[in-house]
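**Q** Next up is a structure, given as structure tokens.
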Amino acid sequence: MSIVTLLSTLYSVEPLTSLIESLKLFNIFFLFIAGYILIKAEKISLKEMIFTTLLSACVPILVGLYQLVTGTGLTTDDVHGRILGTLAHPNVFAFLVLWLLFFYVQFTHITQEYRSSKRFQHILGAFLFLLLLFTYTRAALL
Numbered sequence: 018m019s020i021v022t023l024l025s026t027l028y029s030v031e032p033l034t035s036l037i038e039s040l041k042l043f044n045i046f047f048l049f050i051a052g053y054i055l056i057k058a059e060k061i062s063l064k065e066m067i068f069t070t071l072l073s074a075c076v077p078i079l080v081g082l083y084q085l086v087t088g089t090g091l092t093t094d095d096v097h098g099r100i101l102g103t104l105a106h107p108n109v110f111a112f113l114v115l116w117l118l119f120f121y122v123q124f125t126h127i128t129q130e131y132r133s134s135k136r137f138q139h140i141l142g143a144f145l146f147l148l149l150l151f152t153y154t155r156a157a158l159l
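All the letters of the sequence shown, read from the start, carry residue numbers 18 to 159 under my numbering.
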């Protein structure tokens with residue numbers, strides 16, 4: 018796959034842009050591999066990895082909340098105020114929120130490791146779902 022991606026820059030209309038996008042793809046791939054290796058080698062625990070992931074989502078979520086409250090965000094065609102947090106596009110933000118919703122369901126309903134009041138759990142789930150709705154991303158809602 019990496020060879021095909023790099024070769025595609027040779028016949029691209031914008032070779033520099035294609036190279037940059039290829040490097041972004043490799044970056045995602047290598048971050049996944051690094052996380053996998055660190056967990057397998059027990060250099061970092063799965064809980065530490067999840068905590069880091071949740072912590073890194075705080076700033077985009079807070080910015081997304083600000084955009085929701087103020088009505089700012091990305092305006093496309095007839096849709097005004099698609100929230101995107103600090104990310105490049107509302108679709109990317111939607112999949113971040115969807116990923117957090119998966120964590121929410123896993124820890125509150127499946128394994129029940131997150132021991133807090135049911136009311137707080139429902140508020141958190143509703144908050145994440147509200148953020149997801151205001152990205153106006155159909156793919157994440159499916």
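No residue lacks a Cβ here, since even glycine has one placed at the ideal position from N, Cα and C.
Cβ of ALA157 within 7 angstroms of Cβ of LEU149?
**A** Yes.
**Q** Check each candidate in ALA111, SER19, THR125 and name the one with the smallest Cα separation from LEU159.
**A** With distances taken between Cα atoms, LEU159 lies closest to ALA111.
**Q** Any contact of the stretch 111-128 with the stretch 69-84, i.e. 3+ C-beta pairs under 8 angstroms?
**A** Cβ pair count under 8 angstroms is three or more, so yes.
**Q** Based on Cα-Cα distance, which residue from TYR121, ILE37, PHE124, GLY90 lies nearest to ASN108?
**A** ASN108 has its Cα closest to that of GLY90, out of TYR121, ILE37, PHE124, GLY90.
**Q** Could you give the distance in angstroms between the alpha-carbon of GLU65 and the alpha-carbon of ASN44?
**A** Roughly 21 angstroms separates the two Cα atoms.
**Q** Taking the Cβ atom as the reference point for each residue, do PHE151 and LEU55 lie within a distance shorter than 7 angstroms?
**A** In this structure, LEU55 does not lie closer than 7 angstroms to PHE151 by Cβ.
**Q** On a CA-only basis, which of HIS106, GLY142, VAL30, ARG136 is nearest GLN123? Give me that one, please.
**A** Of HIS106, GLY142, VAL30, ARG136, the residue nearest in Cα terms is GLY142.
**Q** Output the distance between the C-alpha atoms of ASP94 and LEU104, rounded to the nearest integer angstrom.
**A** Rounded to the nearest angstrom, the two C-alpha atoms are 20 angstroms apart.
**Q** Leaving aside the five residues before and after SER39 along the sequence, list all residues of the same chain whose C-beta is less than 7 angstroms from its C-beta, in chain order.
**A** The answer, listed in chain order, is THR22, LEU23, THR26.
**Q** State yes or no: is the C-beta of GLY81 within less than 7 angstroms of the C-beta of GLY88?
**A** Contact flag unset, no.
**Q** Going by the CB atoms, is the gap between THR154 and GLN138 shorter than 7 angstroms?
**A** Cβ atoms of GLN138 and THR154: not closer than 7 angstroms.
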